[in-house]
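Residues in the sequence shown are numbered consecutively from 262, following this note's numbering.
Working notes, structure below.
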Amino acid sequence: MIQEIGIVRKVKNYRPLIFSLVLELPAIAHVARPGQFVHLLVQNAPGVLLRRPFSISGVCERQVLFLIRVVGSGTTALAKLWEGAAVDVIGPLGDGFAMEGVKRAALVGGGIGAAPLLYLQDELHKQGTEVHFFLGSKTADEYPLPPEAVQFRNIVPSTDDGTYGRHGFVTQHFQEWLENDSRQGLQVYSCGPVGMMEQVARISDRYGLPHQASLENRMACGIGVCQGCAVRMKETHEHGSGFRLVCKDGPVFDAGDIDWSLIPH
């Protein structure tokens, strides 16, 4: 874990409430892995006292990239940052995705859940993994990436209402693809709304596919001290049933170990 002052290099709006943030963080960039996150201290934001967790969406040499959705005063303040501004950052935090030996991968994301999967896709490509990326949102206005990025990354886009990409839930298109493609050696990864990931877990279990899910939760400390981000595991978990911390033990877990019924949807 590193505490580093990041310098804002770019802030770009993709949608009215979605933007990308690029920070120069050479020390964190050097050791970060897909699935990990950082804690940002949002300064000059009234009422914002605690750091905010954000998944790393990419690393480019000395810079760390983030894809962020505006949901409150903290993210509103981040969206208004200017080039050259300083941001206090702690990271990288958490346990990321396991990628070693993966030859084929299916990535399933929903909304801003695309963030850690973008970084994962980059690193999987570097190791020669065949990647299939399904990314959905409710509507076109909420789609987290611009069309040129979707095309460049060879993403299968979808929206629940059909206003962009394929019509229907992203899980529907993921399952249809599974039914018509080879599933041999396939590793599934997901991040997004809990209901979506639970459905991906059911589909993966039905086909006997390993599935890693990246969970989101409120994290006051980010290092396992406050115990505020606990999630319940099933009896089948290797350590037995009990709670695990999203910030410390996760945010990536074996989806089959998670007791999805006890996570708020």
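Ideal Cβ placement from N, Cα and C applies to all residues, glycine included.
Since the structure is predicted, the reported quantities are computational estimates derived from the model, not experimental observations.
*asked:* One question on the structure: do V292 and P353 come within less than 8 Å of each other, judged by their Cβ atoms?
replied: Yes, they are a contact pair.
_Residue range of the beta strand (DSSP E) that includes Q264_ = 263-276
*Is the region 268-282 touching the region 333-342 in the sense that three or more CB pairs, one from each, lie closer than 8 Å?*
yes
*Have a look at E437 and L310 and give me their C-alpha separation to the nearest angstrom.*
45 Å
*Give the single residue among K364, R414, V513 whose Cα lies nearest to the Cα of G453.*
V513
*asked:* Short of 8 Å in beta carbon distance, which residues of its chain neighbour H249, apart from the five on each side in sequence? Order them along the chain.
replied: In the structure as shown, the chain begins at 262 and stops at 526. Residue 249 is therefore absent and cannot be evaluated.
*Looking only at C-alpha atoms, which of D421, T432, R444 sits nearest to E391?*
Put simply, of D421, T432, R444 the residue whose alpha carbon is nearest the alpha carbon of E391 is R444.
*Out of curiosity, what's the CA-to-CA distance linking L406 and R505?*
32 Å
*Who does E322 pair with in a DSSP beta bridge?*
None, per the DSSP bridge assignment.
*Would T432 be called buried (16 or more neighbouring beta carbons within 10 Å of its own) or exposed?*
buried
*asked:* According to DSSP, simplified to helix, strand and coil, what is R414?
replied: coil
*So, helix, strand or coil for A491, using DSSP?*
strand
_Please give me, in chain order, every unbroken run of the beta strand (DSSP E) with length at least 3 that falls completely inside the region 379-423._
Runs of the beta strand (DSSP E) spanning 3 or more residues and lying entirely within the region 379-423 occur at 391-398, 416-420, in chain order.
*Buried/exposed call for G372, threshold 16 Cβ in 10 Å*: buried
*When we look at the beta-carbon of M494 and count the other beta-carbons within 10 Å, is it buried (16 or more) or exposed?*
buried
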